[in-house]
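Written below as structure tokens is the structure these notes are about.
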Amino acid sequence: MFKALMARARQKYRTAAYPAEEPNLPPLFRGRPIFDQGKCVAGCTVCADLCPSTAIKLSADGPRLDLGRCIFCGECAAACPEDVIRFTRDWRLAASERTELLVAGDAEPHVEVLRKELRRLLGRSLRLRQISAGGCNGCETEVNALGNVVFDSSRFGIDFVASPRHADGVLITGPITENMRAATLSTYEAVAEPKLVIAAGACAISGGIFHDHQETCGGVEGILPVDLYVPGCPPHPITILDGLLRLLGRL
Amino acid sequence: MTLLATGNAEPKPVDALPVLACDDFREAVLTQIAGGQRLLLLTALPGDGAETRLLAALADDASGEIGLAAATATGSYPALTSDCPAAHYFEREIYEQCGIRPAGHPWLKPVRFPRGGKPIADVEFFKVEGAEVHEVAVGPVHAGVIEPGHFRFSCHGERVLHLEISLGYQHRGVEAALRGSPHKRSIHLAETVAGETRAAPATAYCQLIEALSGAECSPRATALRVVGLELERIANHVGDLGALAGDVGFLPAAAYCGRLRGDVLNLTALLCGSRLGRGWIRPGGVAGDLGTETLAELRRRLAEAERDMRNAVDLLWKSSSVRSRFENAGILRRAAATDLGIVGPPARASGVDRDCRRDFPGPTYRDHQPFIAVGESGDVFGRAMQRWQEIDNSLILLGRLLDDPGAGAIVEGIGALAPNRIAVSLVEGWRGEIVHLGITDGAGRLSHYKIVDPSFRNWFGLAMAMRDQQISDFPLCNKSFNLSYCGHDL
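Protein sequence lines, in the order shown, are assigned to chains A and B. Heads up: the first sequence at position 192 corresponds to 192 in our numbering, and the numbers run straight through without jumps. Quick note: to get our numbering, add 251 to the position in the second sequence (first position is 1).
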């Protein structure tokens, strides 16, 4: 017992000061990309050609990136001969509309706060059932990290629960494989109305790197109505937390 | 000489591969296994016509040699499983992927339920019958943030008589998408094979294409790769120790280790910006150099994490309540581990002295040998202690590497792959041995790509460890293996 108390003192208080303070992100963190549109050289297709998840579309104005498809590898920024693309360290990537994720220039995705009646119904708690549907377990790892003492989402009343019956909504990760389609739908159906759907990670939003595989449904689009999109491959725990808090009107 | 001798990441001409008659192939494989070798992989390569080529790779842990043999099968071939239990899952996979029937296999159940086959909802289970025998069905959606899979327990009261694990829910076509490599998505697919394991499968892929193209990583790039690989091992092992503590309700260690796992992930993020190491291992080397300041910061933060890990994990070993829950739970016998070809920490915890970093170091670990810990008890305690000893040994190796990562280019260009070659690449990930096999066509493209994730072998080890256990110990036993669903499902 005494040993455990000594250890407790030694391990210190570790919960991040976020959101009171900015999160402590690594120097090389790749967050929201910005584009210096005017600098593109006519006819240059370098970024679109090498994008592994085909997230970049070119137009006369320059590149347009689908944050919902982007795996944040940064290869486009590294290869661009004119330094048009730059990944900032901005962790705020979530959006409530799919179209908000198609970014150009220095567009920032926007999260619409849930309507008042729904927020009143939720009170100070949000209980989510996570559905892992065919990804690589990367997003699940970072969702799990929300439960550790550093990110500690439960201090905001956000918790992941075992039963969909106990949940206010579902958080989906993975491109939804054909083999997980039925289980995803029945889990969603088991949640009582009104219910939220959160798509976390490039796979859930658009299929990500697996989007054109015949074994997957290419994400949640057209399968379930989505209230919040959280881009990333995987999203940093702070990006997920930021999206959830903004959805709840807490930031 | 019926086998083509090769080593880790040593390409050989496809023409040199002996193609045997099915009976001779079976005989050759079984002879090697009787002689102490083990089955690294068994797969089928669909041909142009009705014929399918079977391919076996055998590992000789003592000499570091890999033997390859092939056979031509039409319709069916005599199954190896009856004489080599480690082949049982590979043969189910062969039947599912190619329709070639391993005749004499006890039950050719689907492995991943790919499109066009039996729907995943129609899975059949082994039935245990008798008065008071009941079944418990769990999944695919589990009570937690966990990947999907189905577990079917046949129990008598609380006692588990049989556990059947049915997966395939995460099947997303990774192997098929890697065919035609190298292409712009290859390295990213390699990184997303199995969850928290990024560096190890990425290294397996890179070793393979580097060997096929004749490229060589510089000593510095190799050392920096090993830094990424060992940080991955430490982060996951300490996270698992925390999760094991959580499963027996010992919350102090659970909280501390959960935090420490994140601290080590943040060290990985210092290398490449991604907590999971996405983008660190790249063909020809690594994504960037580490300056003296970064190296010093890594050493400092790793030393802090080490101190706190020792403190947190020590609580586990010194708490009698934790010990009594860990000890004698979920024993995997050494004989079962050997027969089934179990790899990684669960194998070593059962006394099977097997680690690619020493036995098949290849270009990555040739100059960076860690101590290899081997346990004997094979229970949850053994697997937990195994994790801790591996952390300890990785910390020593990392200390050496961060003090002096050596010199050389960070990344070398990769030329065209040699045509018509076959190569096997092995890397010891934190879950165990990762096998990537590639065969190039006449144009130097990888026309065949086969991945054997450690979880592909080890899930059956978990099923064996659960026999005669209380069903309430399943979460604990499961966590002590901590296997990958997506690595299995591909």
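Each residue gets a CB set at the ideal place from its N, CA and C atoms; glycine is no exception. A quick note: this is a predicted structure, and the numbers were derived from the prediction, not measured.
Proximity of residue 443 (chain B) to chain A, defined by a Cβ-Cβ separation below 8 Å, is satisfied. Fully contained in the segment 107-155 of chain A are the following alpha helix (DSSP H) runs of length 4 or more, in chain order: 116-122, 138-145.
Here the alpha carbons of residue 532 (chain B) and residue 457 (chain B) stand approximately 8 Å from one another. When A:61, A:251, A:74, A:114 are compared, the shortest CA-CA separation from residue 39 (chain A) is found for A:61. The contact set of residue 73 (chain A) on chain B, defined by CB atoms closer than 8 Å, consists of 439, 529, 530 in chain order. Judged by their CB atoms, residue 317 (chain B) and residue 257 (chain B) are nearer to each other than the 8 Å cut-off. Looking from the CA of residue 708 (chain B), the closest CA among B:699, B:739, B:720 belongs to B:739. Residue A:211 holds the alpha-carbon nearest to the alpha-carbon of residue 69 (chain A) among A:239, A:211, A:180. For residue 650 (chain B), the uninterrupted alpha helix (DSSP H) run begins and ends at 631-654, by DSSP. Chain B has a Cβ within less than 8 Å of the Cβ of residue 233 (chain A). Boundaries of the beta strand (DSSP E) harbouring residue 256 (chain B): 255-257, taken from the DSSP string. The beta-carbon distance between residue 670 (chain B) and residue 693 (chain B), rounded to whole angstroms, is 5 Å. This is short enough to meet the 8 Å contact definition. Annotation: the segment 10-70 of chain A contains the following complete segments of the alpha helix (DSSP H) (minimum length 4 residues), in chain order: 46-50. Contacts with chain A at 8 Å (Cβ-Cβ) include residue 364 (chain B). Counting C-beta pairs closer than 8 Å gives fewer than three between the segment 487-495 of chain B and the segment 621-630 of chain B, which falls short of the contact rule.
When B:666, B:285, B:527, B:571 are compared, the shortest CA-CA separation from residue 442 (chain B) is found for B:527.
Where residue 170 (chain A) is concerned, the enclosing beta strand (DSSP E) starts and stops at 169-173. In this structure, the alpha-carbon of residue 118 (chain A) lies about 19 Å from that of residue 94 (chain A). Ranked by Cα distance from residue 451 (chain B), the options B:682, B:421, B:373 are led by B:682. Non-local C-beta neighbours of residue 729 (chain B) in its own chain, meaning closer than 8 Å and more than five positions away in sequence, comprise 713, ordered along the chain. Chain A places a beta carbon closer than 8 Å to that of residue 735 (chain B), counting this residue as a contact. With respect to the 8 Å criterion, residue 87 (chain A) and residue 138 (chain A) are not classified as neighbours on the basis of their beta carbons. The beta-carbon of residue 30 (chain A) is placed less than 8 Å from the nearest beta-carbon of chain B. In the three-state scheme derived from DSSP, where H, G and I count as helix and E and B as strand, residue 303 (chain B) is classed as strand. Of the residues A:98, A:235, A:64, the one whose Cα lies closest to the Cα of residue 37 (chain A) is A:64. For chain B, the residues of the segment 114-135 of chain A that bring a beta carbon within less than 9 Å of one of its beta carbons are 129, 130, 131, 132, 133, 134, 135, in chain order. Taken in chain order, the complete alpha helix (DSSP H) segments of 4 or more residues contained in the segment 551-599 of chain B are 571-577, 585-591. By the rule that beta-carbons nearer than 8 Å mark a contact, residue 420 (chain B) touches chain A. At a cut-off of 8 Å between beta-carbon atoms, residue 50 (chain A) makes contact with chain B. For the C-beta of residue 218 (chain A), not a single chain B residue is nearer than 7 Å; the gap to the nearest is close to 11 Å. For residue 470 (chain B), no chain A residue has a Cβ inside 7 Å of its Cβ, as the nearest lies near 23 Å away. For residue 175 (chain A), the nearest CB of chain B lies under 8 Å from its own CB, placing it at the interface with that chain. Setting aside the 5 residues that flank it on each side, residue 217 (chain A) is surrounded in the same chain by 175, 176, 177, 178, 181, 207, 223, each with a C-beta closer than 8 Å to its C-beta; the list follows chain order. By the beta-carbon neighbour count (other beta carbons within 10 angstroms, threshold 16), residue 260 (chain B) is buried.
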